[in-house]
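In case it helps, UniProt numbering puts the sequence shown at residues 1 to 481. Built from N, CA and C at the ideal position, the CB exists for glycine as well.
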Amino acid sequence: MKKILVANRGEIALRVMKTAKKMGIKTVAVYSVADRQSPHVKFADEAVCIGEAPSNQSYLLGDKIIEVCKELGVDGIHPGYGFLSENSKFAEMAEKNGITFIGPKSHAIEVMGDKLAAKDTVKAYDIPMVPGLDHAITDIDEAKQVAKEVGFPILIKASAGGGGKGMRVVEKEEDFESQMQRAISEATSAFGDGSVFIEKYVGSPRHIEIQVMADTHGNVIYLFERECSVQRRHQKVVEEAPSAVLTPEIRQAMGEAAVKVAKSCDYVGAGTVEFLLDENKNFYFLEMNTRLQVEHPVTELITGIDLVEMQIRVARGEVLPIKQEDLKIKGHALELRVYAEDPLNDFLPSVGNLSTYILPEGEGIRVDNGFEQGMDVPIYYDPMLSKLITYGKDRNEAIELMLKAIQDYKIEGVSTTLPFGTFVFKHDAFVSGDFDTNFVKKFYSADIIKENQAKEAEVAVLVALKNYFADQKVLRVPTKL
Ligand code: MV4
């Protein structure tokens, strides 16, 4: 592989290109007119404008991207996450044109993109699954019977959904039929596929996912877990590795289950197997994401492995360079997604110009970033500016580093989720490790951030006053206001 095109933008495009460059592979960027000045365009060896700002006129144009590959002699495509990364047709089109898709085969993408097909595929592998119905509801009486057997509340899910889209909780039997009809019509209009199924509703689960990596020779390893329970409306905000609650035994059991999921669909490359963990630490397979995920850096830090490098190696047909026994968790990593969203105003996107934009630096701090001072935050794409990642010898050290890094990250011109990060990393429930997917709903309100900011302002005044009196060489310095 001599030249890779990155079919993406922002921080992930840069992050992939950095590894390609390190490996001596040339890079090609594609970009929309809104991203002309973006760092990923400047960083690439070559860059091609593929269209207008809206992603359906640029980053989602698979045909056009393949054309660019052919014109420039590209032999590999890295899709990043989002956009075309889980589009099985695109993966297939690349391969048909003799270009390596750096990801799984289209079959694996297709199967795992459909929740019922996924359940069906892993069925023979003895993977723990939430009790429920393993096929689409066609017979209402059968579905009702299953619901009664597993017990209410139950959850109706769309087979074509994922990431929480198209889910409905049903509290009691009387509501079952009407909720099911709604779920079917929602799924039909959202996904063009009205297949829905039911599962027992796990009330306060933790979301824990396992990173896997597979080569084309049948070897699959797991690179431990990421804890992703701190999320807001199915949007992850904070991730960490390892999880504060997994025992070595559960970790191994989940890891081995994840490897079996990967084997069940002949997986190749980097993938993530999502599990729910209930209060009694039972885990259940939910779905598999067939891409490199946003939160992959926390896994890189605790394993010392460059996941993009490994993706490229297995895509080239190399045998996995490490064995399961060689892998060990070292230290603790945290990630905060820094979004241009206003945590004081229901996380509304906050677009504008980054008039000040200074990244924190130092040992144990990594920022996967796609922006520069002076740039506008475009309205057309996901408003994530960067990922702030810290790494320490243990969880407390990573938390302390994170709080300091948030302080040192200077952003003016747009509101961001940085103050929300301070709220999370100072919260007792987070610090103790005793939290689940209800963390944000349960504990967060804008008032807490307002209070924090008022306190910070008070401290700033106190410091300024102290300095003033010190300069005046006044003997008595006020310690309280
Ligand atoms: C569940 C669940 C409870 N019970 N399934 C949400 C995203 C999708 N991947 C599956 N999800 C859930 N499935 C059963 N049977 C609760 C969730 C869920 C959730 C899962 C992971 C992270 C955050 C979540 C927030 C709300 C609900």
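Beta-bridge partners of residue i, as assigned by DSSP
i	result
phenylalanine 285	Met129 and Phe275
glutamine 179	For glutamine 179, which the question treats as bridged, DSSP gives no partner whatsoever.
tyrosine 31	Cys49
arginine 366	Ile389
asparagine 353	Asp376
arginine 337	Lys387
phenylalanine 101	Ile77
glutamate 412	Thr356
residue 519	In the structure as shown, the chain starts at 1 and stops at 481, and residue 519 therefore has no counterpart that could be examined.
lysine 26	Lys3
histidine 332	Gly392
aspartate 342	Leu348
alanine 241	Ala333
valine 169	Leu155
glycine 269	Ala214
glycine 162	Lys165
Cβ pair residue i, residue j closer than 9 Å
i	j	result
leucine 72	valine 48	yes
isoleucine 411	leucine 403	no
glutamine 311	glycine 98	no
glycine 10	valine 33	no
residue 482	isoleucine 12	There is simply no residue 482 to check, as the chain begins at 1 and stops at 481 in what is shown.
residue 513	tyrosine 284	An answer regarding residue 513 cannot be provided, because it is not within the stretch 1 to 481 covered by the chain.
valine 259	valine 212	yes
arginine 233	glycine 164	yes
aspartate 394	histidine 332	yes
glutamate 209	arginine 226	yes
isoleucine 162	glycine 113	Strictly speaking, residue 162 in this sequence is glycine, with isoleucine absent from that position. It is a contact, given that the beta carbons lie within the stated cut-off.
serine 159	aspartate 193	yes
isoleucine 198	valine 150	yes
valine 268	valine 314	yes
threonine 100	arginine 316	yes
alanine 7	leucine 84	yes
asparagine 396	methionine 375	no
glycine 364	glycine 392	yes
lysine 123	aspartate 134	yes
leucine 327	alanine 398	no
alanine 340	proline 383	yes
alanine 457	proline 343	no
valine 41	cysteine 69	no
residue 483	valine 230	Since the displayed the chain opens at 1 and closes at 481, residue 483 lies outside it and no answer follows.
residue 569	tyrosine 444	Past the edges of the chain, shown from 1 to 481, lies residue 569, and the structure says nothing about it.
cysteine 265	alanine 108	yes
isoleucine 302	lysine 330	yes
methionine 288	alanine 118	yes
leucine 155	alanine 136	no
alanine 44	methionine 1	no
glutamate 295	lysine 236	yes
glycine 62	methionine 23	no
phenylalanine 275	arginine 251	no
Beta carbon proximity, residue i to chain C, threshold 9 Å
i	result
arginine 182	Among the chains in the structure shown there is no chain C, since it carries only a single protein chain.
Cβ separation of residue i and residue j, assumed to be a contact under 8 Å, to the nearest whole Å
i	j	result
valine 196	methionine 180	7 Å
glutamate 86	threonine 290	6 Å
threonine 390	alanine 405	6 Å
lysine 21	valine 74	Between valine 74 and lysine 21 the Cβ distance is about 15 Å, and since that is not below 8 Å, they are no contact.
proline 378	valine 367	Not quite, the Cβ-Cβ distance comes to about 20 Å (not below 8 Å), so this is no contact.
proline 153	tyrosine 222	So it is not a contact: roughly 32 Å between Cβ atoms.
valine 30	isoleucine 65	6 Å
serine 38	glycine 370	7 Å
isoleucine 127	alanine 257	5 Å
glutamate 177	isoleucine 140	6 Å
asparagine 452	threonine 422	6 Å
Residue i beta carbon near the ligand ATP (any heavy atom closer than 8 Å)
i	result
glutamate 171	As far as ligands go, the structure on display features the ligand MV4 and does not contain the ligand ATP.
**OP:** Let me know the alpha helix (DSSP H) ranges lying completely inside the stretch 204–239, each 4 residues or longer, listed in chain order.
**Re:** Taking only runs of at least 4 residues, no alpha helix (DSSP H) segment lies wholly in the stretch 204–239.
Subject >> Every unbroken alpha helix (DSSP H) within the stretch 281–326, with a cutoff of 4 residues, ordered by chain >> reply: Annotation: the stretch 281–326 contains the following complete segments of the alpha helix (DSSP H) (minimum length 4 residues), in chain order: 296–303 and 307–315.
**OP:** At 3 residues or longer, and completely inside the stretch 397–463: list those beta strand (DSSP E) runs for me, N to C.
**Re:** You should have 410–412.
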